[in-house]
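Numbering (UniProt numbering), first residue to last: 1 to 362. Written below as structure tokens is the structure these notes are about.
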């Protein structure tokens, strides 16, 4: 007997082998955590176990249904053959009585009623046999079998399910379209209609517009806070940047370069390249990294600060070609992760970066 193109015995054997694998995995994990601790792997194993049990039950039920259908079909055929034999025997007996001159006593009314009652039963038996044949022939592979549902209907159902399961749904802002936009077609708060390619704002649900959407109250509050603190926003990726020290040349994570004072593209404005206060803050931070900073006198320290200030002015557009290692723990100035063993330091501009930022960001 087969199910889904594979015989039942092979399916049950595969499920049994998977059960054994689960048991071995559970045995290997016993005693490695607290009793009250919830482990993700155990939750996954339990979910897999339940799925195997449901699959085994489904296969057993389907095999039973197929067996019953075949049994009913074979029994119905045997009953029909026995019934035909009885009718043939009765017909032969009646013929023999007629030939012997003793025809059987019959009642026209009774015969008519008997035939009237008998024909629906015969018709019902034939219909039942045909129905059981069809049932035995139908062995669905899954709940969305193509023998019951067309691909177009299945696709429409899945699309509607995705639409109803999506919170805060976005529809095409074009009135003549109004097509639902799946989450896969939404990027950076902009939804692109899969039917007409119209762009829609996910916040106000209107046509796409540049800048922060007035309906996005959270972003509006962030921009107000940035204005109050003198922060700048990258016009390429809309990130908010805070400059604590150094020059006004900002290189965003998206690789866009702009002026921290006005926000315009770098070298397209007349703003100063640095403010003395931020420049001295950066120079002091570099000098304080030295191992002997605690024992040098103030005059030596001030000379070092001035040297670093001049170095920053000269290398404010550093390409970071030469590096050296410094022992840790040190904080990466790009991602702010603390490197416990060592960190890289640029020999020109003195920026410190971890290995990831050195090779992927700078």
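From the three backbone atoms N, C-alpha and C, an ideal C-beta is built for every residue, glycine too.
Distance check for residue 207 and residue 304, CA to CA, integer angstroms please. On the chain shown, residue 304 is found 304 positions in, with the first residue counted as 1. On the chain shown, residue 207 is found 207 positions in, with the first residue counted as 1. Approximately 57 Å between the Cα atoms of the pair.
Three-pair Cβ contact test at 8 Å for the region 258 to 272 versus the region 226 to 239: yes
Take the Cβ of residue 319 as the centre, count every other Cβ of all protein chains shown within 10 Å, and call the residue buried at 16 or more, exposed below. For the purposes of this step, residue 319 is taken as the residue at position 319 of the chain shown. Its Cβ having fewer than 16 others within 10 Å, residue 319 is exposed.
What is the DSSP secondary structure of residue 183, reduced to helix, strand or coil? Residue 183 sits at position 183 when you count from the first residue of the chain shown. Reduced to three states, the DSSP call for residue 183 is helix.
Please name the residue or residues paired with residue 249 in a DSSP beta bridge. The sequence position of residue 249 within the chain shown is 249, counting from 1. Looking at the DSSP assignment, residue 249 forms a beta bridge with 259.
Is the distance from the Cβ of residue 273 to the Cβ of residue 247 below 8 Å? Counted from its first residue, the chain shown places residue 273 at position 273. Counted from its first residue, the chain shown places residue 247 at position 247. Their beta carbons are under 8 Å apart, which means residue 273 touches residue 247 by this criterion.
Under the rule that 16 or more other beta-carbon atoms within 10 Å means buried, what is residue 173, buried or exposed? As a working note, residue 173 is residue 173 in the chain shown. The residue is buried, with at least 16 neighbouring Cβ atoms inside 10 Å.
Let me know if residue 79 comes out buried or exposed under the rule of 16 or more other beta-carbons within 10 Å of its beta-carbon. Taking the first residue of the chain shown as 1, we reach residue 79 at position 79. Residue 79 should be labelled exposed.
Does residue 227 pass the burial test, meaning 16 or more other C-beta atoms within 10 Å, or should it be called exposed? Within the chain shown, numbered from 1, the residue matching residue 227 stands at position 227. By the neighbour-count rule (16 or more Cβ atoms within 10 Å), residue 227 is not buried but exposed.
Rounded to whole angstroms, what's the CA-CA distance from residue 196 to residue 186? Just pull it up for me. In the chain shown, counting from the first residue as 1, residue 196 sits at position 196. In the chain shown, counting from the first residue as 1, residue 186 sits at position 186. In a straight line, the C-alpha of residue 196 is about 14 Å away from that of residue 186.
The region 324 to 333 in contact with the region 344 to 357 per 3-pair CB rule at 8 Å: yes
Out of 275, 214, 154 and 309, which one is the CA nearest neighbour of residue 285? Indexing the chain shown from 1 puts residue 285 at position 285. Here the closest residue by C-alpha is 309.
Let's test the definition: count the other Cβ atoms within 10 Å of the Cβ of residue 13 and tell me whether it reaches 16, buried, or not, exposed. In the chain shown, the residue the question calls residue 13 occupies position 13. Exposed, by the Cβ-count rule.
Rounded straight-line distance, which links the Cα of residue 9 to that of residue 17: On the chain shown, residue 17 is found 17 positions in, with the first residue counted as 1. On the chain shown, residue 9 is found 9 positions in, with the first residue counted as 1. The straight-line gap from Cα to Cα measures roughly 12 Å.
Per-residue DSSP class, three states only, for residue 44: By one-based count along the chain shown, residue 44 stands at place 44. In the structure shown, residue 44 sits in a helix (DSSP, three-state: H, G or I).
Selection from 249, 299, 201 and 203 that minimises the alpha carbon distance to residue 317: For the purposes of this step, residue 317 is taken as the residue at position 317 of the chain shown. Across the set 249, 299, 201 and 203, the C-alpha of 249 shows the shortest separation from the C-alpha of residue 317.
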